[in-house]
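Enquirer:
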Amino acid sequence: MKHVLIALLRVYRFAISPMYGQVCRYHPSCSAYALEAVQVHGSVRGSWLAVRRLGRCHPWAAGGLDPVPPRRRRSRSDSVTDTSETDLPQEIHA
Amino acid sequence: MLDFFGSIGSLIMTPLYYAVSGILILWHELFILLGLDAASGWSWALAIVFLTITIRTLLIPLFVKQIKSQRNMQILQPQIRELQKKYGHDRERMTQEQMKLWKETGTNPFASCLPLILQMPVFFALYRVLQQASVNGAEGARGFLSGEQAELLQEAVLGGARIADTFLNAGQTGGDALPTRILTMVLVVVMCVTQFITQRQLMAKNMPKEALEGPFAQQQKILLYVLPFAFAVGGVFFPLGVLIYWTTTNFWTMGQQFYVIRNNPVPGTPAFAAKQERDRKKGKLVEEKTPEPEARPTVQRNQQKKLTREQRRKLAAQERAGQDRPAKKPTGERRPNPNASKKKGPKKR
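Same order as they appear, the protein sequences are chains A and B.
For the first sequence, the numbering used here assigns the number 1 to the initial residue and increments by one for each residue that follows.
For the second sequence, the numbering used here assigns the number 1001 to the initial residue and increments by one for each residue that follows.
Written as structure tokens, this is what we have:
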């Protein structure tokens, strides 16, 4: 299941996403976020995170930096608000 | 397992079938009232065009909001330039810092994923409504579509081409195959051309040149030329009606983008320069330029903060001494950075 989702996301990111250029107000973009979330958290929690991120990506949101929360730490709330410098680099290159 | 996904799918799609077919039928009825034949391709084709227009109109508030959140882009330009000096070599870091700055100031040049997320299901629902009507006629009626209307849709002919048919299944459920094939291909070409123009105009005029670097941008450039072919191949699977929807929505996007490029260009792009030129001719630029000199001191201050007191003293001594500057450390450290980031731009293009 996880691999099916990853494959679908890869296809989307390769073929469909570039058609629209960058539209996402966040970094990483919603599809990159979804891909990473599924890879890191598995299909169920990853999809849930991705859906929540998509719900956040609207013109009334400020956007900005919004990395996938790391694996073991429970991080419901800080995935939305946390953009502090401390956990920037390692998560995005992960 | 497959059944489970099937039922989830229909749970999501059923309301969409109702929405899409409802809007479609409303417009169709309106065109009948205006004297078009209920069975003609024109009433259905126009209904599809106006379905597109309805949906894009409903999305205008999103567009307006997006434009509004772009307003401060110009004021932020000096800060962005400063970030480029600092992180110009590291695109990932640069993007992160830029995103942070935008978030802090409530500015964001991007449209968000919401319009896309809203349009994709509509597109898919229209595809299913038309395809089902084409293949199954009355039994394929979805949403508000009655069996009778589905049959009308199945038989609807626009200049000999059947609206519910695709290039591939043309002629299989009756009617002449050739006109459908010709018209679908014509629409695929129009679609490709509009898409290509929109995308290229965006890249040529409204993207800062830093955004045109890096592997992702490279991929996008390649796709700009590959996509038309992909469409031409993919287009054979779509009913004529879906192609009408797609083409219309492309024209709408193109129009919106013309508007943005003319009125709200991204700073640091050719479109922005063109707008400044126009404003200068009208004598309006005076107000708009004020934020820049105001913000400039911050650039200098920040740079000097990086020097230690000792370095600054050396620097001052050097300046007093005059022109003879045999490549001492402090100046050597300060100079290359801005130069390097400036050179990067044109070289990679």
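We put the CB at the ideal spot given by N, CA and C, even for glycine.
1. Note the first and the last residue of the continuous alpha helix (DSSP H) segment covering A:Ile16.
2. Of all Cβ atoms in chain A, is any one closer than 8 Å to the Cβ of B:Gly1255?
3. For B:Arg1349, name the three-state secondary structure that DSSP assigns.
4. Is there a Cβ of chain A sitting closer than 8 Å to that of B:Ala1271, yes or no?
5. Given this structure, state the Cα-to-Cα distance separating B:Ala1273 from B:Arg1280, to the nearest angstrom.
6. By how many angstroms is the C-alpha of B:Thr1180 removed from the C-alpha of B:Gly1171?
7. At 9 Å on the CB atoms, spell out the chain B contacts of A:Arg72, in chain order.
8. At which residues does the alpha helix (DSSP H) containing A:Arg53 begin and terminate?
9. May I ask you to report which of helix, strand or coil DSSP gives B:Pro1078?
10. Taking C-alpha atoms, which residue in B:Thr1253, B:Ile1048 and B:Arg1320 lies nearest to B:Phe1063?
11. Figure out for me which residue from A:His41, A:Ser17 and A:Ala32 has the closest Cα to the Cα of A:Asp66.
12. Can a CB atom of chain B be found closer than 8 Å to the CB of A:His27?
13. Given this structure, state the Cα-to-Cα distance separating B:Gln1149 from B:Gly1159, to the nearest angstrom.
14. Residues of the stretch 1086-1104 of chain B with a CB closer than 7 Å to any CB of chain A: list them in chain order, please.
15. Does B:His1089 come out as helix, strand or coil in the three-state DSSP assignment?
16. Check the Cβ of A:Tyr20 against every Cβ in chain B and list those closer than 7 Å, keeping chain order.
17. Could you pull the DSSP bridge partners for B:Tyr1017 from this structure?
18. Whole-angstrom Cβ separation of B:Leu1152 and B:Ala1039, contact assumed at under 8 Å?
19. Checking 8 Å against the spacing of the C-beta atoms, do A:Leu5 and B:Cys1113 come in under that value?
20. Considering B:Leu1126, what are the terminal residues of the alpha helix (DSSP H) in which it resides?
21. According to DSSP, B:Pro1239 sits in a beta bridge with which residue or residues?
22. Specify whether the stretch 1132-1141 of chain B and the stretch 1006-1013 of chain B touch according to this definition: at least 3 beta carbon pairs, one from each stretch, less than 8 Å apart.
Expert: Quick answer:
1. Note, A:Ile16: premise wrong, no alpha helix (DSSP H); not H, not E.
2. no
3. Confidence in B:Arg1349 is poor, its pLDDT being 33 and thus under 50, which makes the residue's placement too unreliable to answer from.
4. no
5. 10 Å
6. 8 Å
7. Within 9 Å Cβ-Cβ: nothing; A:Arg72 doesn't reach chain B, min ~23 Å.
8. Cys30 to Arg56
9. helix
10. B:Thr1253
11. A:Ala32
12. yes
13. 20 Å
14. Glu1092, Thr1095, Gln1096, Met1099, Lys1100, Trp1102 and Lys1103
15. coil
16. Leu1116
17. None; B:Tyr1017 has no bridge partner.
18. 5 Å
19. no
20. Leu1114 to Asn1136
21. B:Thr1166
22. no
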